[in-house]
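Read the structure below first, then the notes.
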Amino acid sequence: ANKVHGVRCALCWNEETARLSRQHNDANVLSIGQRMIPEDLALKIVRVWLETPFEGGRHAQRVAQLNAM
Numbered sequence: 259a260n261k262v263h264g265v266r267c268a269l270c271w272n273e274e275t276a277r278l279s280r281q282h283n284d285a286n287v288l289s290i291g292q293r294m295i296p297e298d299l300a301l302k303i304v305r306v307w308l309e310t311p312f313e314g315g316r317h318a319q320r321v322a323q324l325n326a327m
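In this text, residue positions in the sequence shown follow the numbering used here: the first is 259, and each later residue adds one.
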């Protein structure tokens, strides 16, 4: 997915990786391993991912570099 211009996909396996993928990388696509993540945890990951905003600041330069690729 990350080969598509503008897509920043994050593979998340817990709530912390979901939060950080949004805060630091402005991820706009979420990927969750179906075999490894139970449904209740997957729903928590999705909720956290959707509710977490991008922090910007020092992370904005990295996102701009990704967008320039």
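Backbone N, C-alpha and C fix where the C-beta goes; we use that ideal spot for every residue, glycine too.
Query, Result
"DSSP on ALA326, reduced to helix/strand/coil?", "helix"
"Does DSSP classify VAL287 as helix, strand or coil?", "strand"
"Alpha carbon to alpha carbon, how far is PRO311 from LEU299?", "20 angstroms"
"Is it true that the CB of ARG266 sits closer than 8 angstroms to the CB of LEU308?", "no"
"Would you mind stating whether LEU288 and ALA318 have Cβ atoms separated by less than 8 angstroms?", "no"
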